[in-house]
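Numbering (our numbering), first residue to last: -15 to 429. The beta carbon of each residue, even a glycine, is placed where N, CA and C say it ideally should be.
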């Protein structure tokens, strides 16, 4: 159930406007030109650079850093955007500490990598600030492609297809484009309305129409799209949330963490957003950390992340875990929820300690309780609304090659497609590669 501001313990306005503004300011301050030059000078410009191999979108990282070093930030941005049209957002939200920066030679040798993410942001922000779109459309092909969803995979696919000269119609169920970039990422990572600004900038390519309030299985059918368009790309994301499977899950004060984050991202005034006094977040991924940290920043007195396995197995990166701890969030590992207790509304969550027996996770029989008037579930999302007739793999749309589904003329990418990591940068790569395959297929006749 969703929280109501009248639920005991869950209230709005715990902090002053000034405190909220400070708490939700930019997590990483952007580089100025001098700082960027100094940071770029640390790069060894490696041949066969491991950072490039670690980047899901294969950005030529040494190249763009050298361009920054020599004073050509706009050229650096073009190098980035050639491979990753959402390079500005990825610079803000990518777990670079477990991707490009983790394998940086400076990190291996000195324990301090080149700050690739912040350099990427400097380059893309510099170009976008000029209002320049460095890509142009090819001659019209007369082909029309339907893209379902307006998240990172879909936007990357649509832009690449438009660049190839095709006409694209994006069908989006919500009232804004962006997908998780708009609705599902911590506010302090994307300040100043950047998600929408980046979409607006991307759309300057032309040739892309967006229809809102269009949901697959409701106002749209795959069969009709196949009939009306030359190709279809599905980037519908994951709309469902796994069940907690604990007694009392339906109590007031228990809600999905993704909905909590979406409400926060869309709130016109953070002081109107209710938050619990004692918040428990169940899960161990990036969504869990984002929900927990933002609960603390909204004024929750105690915030606890509870994860069923050992902390070293948490999907959230070590940086994210340390960020949570630095904001006062407690992480309790090897604990799985048993029940939510309270007289109609959450008051406590009961957990059982777990251990890894080698054959799987098992309970120890020892339980404990944590006070909680707000419980946020961040235990993974599921695919909802997959069209009938599409083969699934592990609960997601099965794909081969560059996103080809079991239906001819239909491609898929992003979180809804099997394989790959549920990351913005991975979704961009999948959307881009699907677009290239769609283009080649259409041109082959």
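Residue 67 sits in a helix when the DSSP states are folded into three classes. DSSP places residue 338 within a strand segment (E or B) once states are collapsed to three.
The Cβ-Cβ distance between residue 332 and residue 353 falls below 8 Å. Residue environment for residue 292: buried (at least 16 other C-beta atoms within 10 angstroms of its C-beta). For residue 209, the enclosing alpha helix (DSSP H) has its first and last residue at 206 to 212. By the 16-neighbour rule on beta-carbons within 10 angstroms, residue 349 is exposed. With a threshold of 16 other beta carbon atoms within 10 Å, residue 155 meets it and is buried. By the CB criterion at 8 Å, residue 84 and residue 39 fall inside the cutoff.
With fewer than 16 other Cβ atoms from the protein chains shown falling within 10 Å of its own Cβ, residue 196 counts as exposed.
Residue 350: member of the beta strand (DSSP E) spanning 345 to 355, first to last residue.
A check of alpha carbon separations from residue 75 across 108, 96, 52 identifies 108 as the nearest. Between residue 58 and residue 153, the alpha-carbon positions lie close to 29 Å from each other. Annotation: the continuous alpha helix (DSSP H) that includes residue 110 extends over 100 to 113. Assignment of beta-bridge partners to residue 124 by DSSP yields no partner.
When DSSP assignments are scanned along the segment 223 to 250, the uninterrupted stretches of beta strand (DSSP E) that are 3 or more residues long and fall wholly within it turn out to be 238 to 240. With fewer than three CB-CB distances shorter than 8 Å, the segment 0 to 16 does not count as touching the segment 64 to 73.
Between the segment 222 to 242 and the segment 361 to 380, the count of C-beta pairs closer than 8 Å reaches three or more; the two stretches touch. Distances from the CA of residue 216 to each of 419, 427, 428 were compared; the closest alpha carbon is that of 419. Residue 395 has 217, 388 as its beta-bridge partners, per DSSP. In the DSSP assignment, residue 358 is bridged to 263. Ranked by Cα distance from residue 417, the options 82, 145, 158 are led by 145.
Residue burial annotation: residue 29 is exposed, with fewer than 16 other C-beta atoms found within 10 angstroms of its C-beta. Bridge pairing for residue 196: 156 [DSSP]. Its Cα nearest to that of residue 268, the residue 290 stands out among 187, 310, 290, 78.
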